[in-house]
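Just so we're aligned: the first sequence equals residues 96 to 669 in the numbering used here.
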Amino acid sequence: MPQIAPSLHRDPAPSADKRLSNTEIAHQLTTLAQLLASAGENPFKIKAYRRAATTVQSLPESVHELVQSDADLTAFAGIGKGIAGAIREIVQSGNLRMLDRLKANVSPELAALSEFPRLDPKRVQQIYRKLGISSVSALREKLDAGEIGRLLGPRLEHHVRQALITSHELLLHDVDDIAAAAEDFLRQRGGAKRVEAAGDFRRRVEVIRELNFVIQTDDFAPVVDELQRYGGHSELVRADAERATVRLPIGILLTVELATTARWGLALLLATGAEAHFGALEAAGHDLAKLARSRQRFPTEESVYAALGLPVIPPELREGLDEVARAEADDLPRLVALTDLRGDLHMHTTASDGAHSIEQMAAAAKERGYRYIGIADHSQSLKIAGGLSEEALWGQIRRIDKINEKLDGIRVLKSAEVDIRIDGTLDYPDELLRELDYTVCSIHSRFGLSREQQTERILRAMDNEHFTILGHATGRLLLRRPGYQIDLERIIAQAQARRCTFEINASPDRLDLSAAHARLAREAGLKIAINTDAHSTRELDFMRCGVDVARRAGLTKKDVLNCLTLPQVVKALT
DNA sequence: GCCGTTTTCGGCCCGACTGTTTTCAGTCG
């Protein structure tokens, strides 16, 4: 079929032809970062370009338009004068001279690698040499054939796989800001009259692939049009008269569903999920599908659940576990809330790898309404994190006593994040551990032990009478690293026998215990701590993420150790 | 290259251990 000549009716302005999306601009910045990395440039400079690229990808506004309207790009985090200039050059000329120069100076295979921002050029060149290949397509073939794993080991294989597959998942904590921006966008640019988040995000699932909103508007088509302009351009994945999905520049999907006032509650419930929850409702004889077919009004979720003869089930519990049975028995838990927390039992200070002093952490905690905090700096064997020597911990104990004399309204508890050594012994002698109010004991080494060995290691550690809380029980890092293998049921049984407990580590990439694990611990009757593991005053705000997990696990404030008052917690810890 | 409750320079972890690709790169917080 012959090419059709461009229509003469169209706007002929050449500069308007190619409007770069934020994705394309960010891509140039990450490509540049890759080439700088290959050229052995200053790592901080490389990081700066990567960070700026992420910022560009996260913006709902079109950076192209921002440049054209002469907006100040340096107002955005991680974009200073230099990178703002680079972005302007990309938008105005379509390319970046520095990038072209660097490309011209490297071999074609290295230049090709720069298209894959997460591929480490050094490691790939190593693979190229050993396998006698020189292209990304060959690399992909070798990966698929299992040769990289077989010849070069699982770690390199993992690296290549991660780098070649574009990530379409984000941590819940990172999506919080994106969801807020998307909601604004839908109201202001889309003209939506009412917007409410649903889906996994509303159920507070720890990793998000798709962001869902239910919206109300008189005209859905302009919303769909506008969504495709999100971040300059967002690819339309699917759309019909009442539902549209785009892929945002940052990688995750955004789905918007139209609802009326009369059916708002039903639409919200259906968009919130999870499928397993609907399955559990159906299995218990609650015919949600019939309600959906009816002409009845369901303006709120309350009205939907009421029609099913049930109280409202909190979104965090809608996973098809025991929530429907508990709702039927009028036995839904009153889930723990952020305001129920009275303290935080795991944080670091400048004594090890934290950014703030004991006094600063205490002041910041007091501002958040806490009555106590526990300082749990790293122990001596964790050199990289500046773990405290025995002498240093003795000194910190004395210092905390002095600080407590001066503090008003908040008490600092003495603790340490004590390494569980390979043989299951703790990283400080008993006579020192005895001086602490409690301990957080964690594994920070030898993740590769077998399930049996790792479990034994923790069980042995719990034999120590000074063991109080198991820190980040599995060591997982979401989207980066699976945890080490443990037999949690045996460890829970030992915790019951030895009067130990667990924490939900609220660090957004840990969330460890997971909701499923926290549920098991709760069912065993253990009181679980929700701890931020904060390394700065700002990270005390991670508590919200831990509370999300606790709620998904069905925890009430009675199940949470640091919902106790100061006298109660002191008693519970002795 | 960015940034500032250590603000216009000098920071932005980094240091010991692990384990096999057996000699240094990856990994822990």
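Note that CB positions come from ideal geometry on N, CA and C, so glycine has one too. These numbers were taken from a predicted model, which means no experiment stands behind them.
Three-state class that DSSP yields for residue i in the structure shown
{"i": "Ala446", "result": "coil"}
{"i": "Glu551", "result": "helix"}
{"i": "Glu337", "result": "coil"}
{"i": "Gln311", "result": "strand"}
{"i": "Asp439", "result": "strand"}
{"i": "Lys113", "result": "coil"}
{"i": "Ala166", "result": "coil"}
{"i": "His539", "result": "coil"}
{"i": "Ala615", "result": "Reading off the sequence, residue 615 comes out as Leu, not Ala. In the structure shown, Leu615 sits in a helix (DSSP, three-state: H, G or I)."}
{"i": "Glu278", "result": "helix"}
{"i": "Glu210", "result": "coil"}
{"i": "Asn200", "result": "coil"}
{"i": "Val399", "result": "helix"}
{"i": "Thr149", "result": "helix"}
{"i": "Asn559", "result": "coil"}
{"i": "Asp636", "result": "helix"}
{"i": "Ile260", "result": "coil"}
{"i": "Ile517", "result": "coil"}
{"i": "Val644", "result": "helix"}
{"i": "Val302", "result": "strand"}
{"i": "Ala670", "result": "The question about residue 670 has no answer here: the residues shown for the chain are numbered 96 through 669."}
{"i": "Leu266", "result": "strand"}
{"i": "Gln123", "result": "helix"}
{"i": "Leu322", "result": "helix"}
{"i": "Leu621", "result": "coil"}
{"i": "Cys658", "result": "helix"}
{"i": "Ala128", "result": "helix"}
Unbroken beta strand (DSSP E) run spanning residue i, endpoints
{"i": "Ser188", "result": "Note, Ser188: premise wrong, no beta strand (DSSP E); alpha helix (DSSP H) at 176-188."}
{"i": "Glu486", "result": "Unbroken run through Glu486 is the alpha helix (DSSP H), 485-501; no beta strand (DSSP E)."}
{"i": "Phe597", "result": "596-600"}
{"i": "Ala287", "result": "Where Ala287 is concerned, there is no enclosing beta strand (DSSP E), given that its DSSP letter is neither H nor E."}
{"i": "Ala624", "result": "624-626"}
Paired residues, beta bridge with residue i - DSSP
{"i": "Lys385", "result": "None; Lys385 has no bridge partner."}
{"i": "Lys509", "result": "Ile470"}
{"i": "Val351", "result": "Phe308, Ala339"}
{"i": "Glu530", "result": "DSSP, once it has assigned bridges, lists no residue as partnering Glu530."}
{"i": "Thr651", "result": "Leu430"}
{"i": "Glu330", "result": "Arg342"}
{"i": "His363", "result": "One point to set straight first is that residue 363 is Leu, not His, in the sequence displayed. The partner list for Leu363 (beta bridge, DSSP) is empty, contrary to what the question assumes."}
{"i": "Ile408", "result": "None, per the DSSP bridge assignment."}
{"i": "Arg576", "result": "Leu572"}
{"i": "Asp607", "result": "Asn600"}
{"i": "Ile564", "result": "Val535, Thr596"}
Residue nearest to residue i in terms of C-alpha spacing, selected from the options
{"i": "Gly482", "options": "Arg493, Ala457, Asp522", "result": "Asp522"}
{"i": "Lys487", "options": "Leu527, Ala458, Gly449", "result": "First, the residue type needs correcting, since residue 487 is Ala and not Lys in the sequence shown. Taking only the C-alpha atoms, the option nearest Ala487 is Leu527."}
{"i": "Asp607", "options": "Thr632, Ile581, Arg594, Ala619", "result": "Ile581"}
{"i": "Ile599", "options": "Glu634, His451, His441", "result": "His441"}
{"i": "Leu266", "options": "Leu386, Val302, Gly180, Ile182", "result": "Val302"}
{"i": "Gly326", "options": "Gln152, Pro524, Ala556", "result": "Gln152"}
{"i": "Leu405", "options": "Ala457, Gly469, Arg358, His381", "result": "His381"}
{"i": "Ala134", "options": "Ser157, His159, Pro216", "result": "Pro216"}
{"i": "Asp448", "options": "Cys658, Met193, Gly504, Ile470", "result": "Ile470"}
{"i": "Gly490", "options": "Arg529, Lys461, Ala446", "result": "Ala446"}
{"i": "Pro155", "options": "Asp425, Glu236, Ala276, Tyr465", "result": "Ala276"}
{"i": "Tyr465", "options": "Ala480, Arg555, Asp435", "result": "Asp435"}
Span of the alpha helix (DSSP H) around residue i
{"i": "Val219", "result": "216-226"}
{"i": "Ile587", "result": "583-593"}
{"i": "Gly244", "result": "242-247"}
{"i": "Ala667", "result": "661-668"}
{"i": "Gln455", "result": "453-462"}
{"i": "Ser232", "result": "231-239"}
{"i": "His630", "result": "Unbroken run through His630: none, as it is neither H nor E."}
{"i": "Arg421", "result": "418-423"}
{"i": "His372", "result": "370-378"}
**OP:** Could you tell me whether the segment 596-614 touches the segment 629-645, where touching means 3 or more Cβ pairs closer than 8 Å?
**Re:** Contact holds: three or more Cβ-Cβ distances are below 8 Å.
Subject >> Any 3 or more C-beta pairs closer than 8 Å across the segment 407-426 and the segment 361-381 >> reply: Inter-segment contact for the segment 407-426 and the segment 361-381 is present: three or more beta-carbon pairs are separated by less than 8 Å.
Original post:
Does the segment 208-222 come close enough to the segment 255-275 to have 3 or more Cβ pairs within less than 8 Å?
Top reply: In this structure the segment 208-222 touches the segment 255-275; the number of beta carbon pairs closer than 8 Å is three or more.
Original post:
Counting pairs of Cβ atoms below 8 Å between the segment 294-314 and the segment 113-123, do you hit three or more?
Top reply: The answer is no - the segment 113-123 does not touch the segment 294-314, with fewer than three Cβ pairs under 8 Å.
Original post:
Taking one C-beta from the segment 276-291 and one from the segment 318-337 each time, how about it: are there three or more such pairs within less than 8 Å?
Top reply: Yes, since at least three Cβ pairs between the segment 276-291 and the segment 318-337 fall closer than 8 Å, the two stretches touch.
**OP:** Spell out a yes or no on whether the segment 197-212 and the segment 171-189 are touching, meaning 3 or more CB-CB pairs, one atom from each, closer than 8 Å.
**Re:** In the pairwise beta carbon analysis, the segment 197-212 is classified as not touching the segment 171-189: fewer than three pairs are separated by under 8 Å.
**OP:** Decide if the segment 229-243 is in contact with the segment 158-174; the criterion is three or more beta carbon pairs, one per stretch, under 8 Å apart.
**Re:** Flag = no, the segment 229-243 and the segment 158-174 do not touch.
**OP:** Could you say if the segment 165-178 and the segment 335-344 meet the contact criterion of at least three C-beta pairs nearer than 8 Å?
**Re:** No: the two stretches stay apart, fewer than three of their Cβ pairs being nearer than 8 Å.
Original post:
Should the segment 558-577 be regarded as contacting the segment 536-543, the criterion being three or more beta carbon pairs within less than 8 Å?
Top reply: The segment 558-577 is in contact with the segment 536-543.
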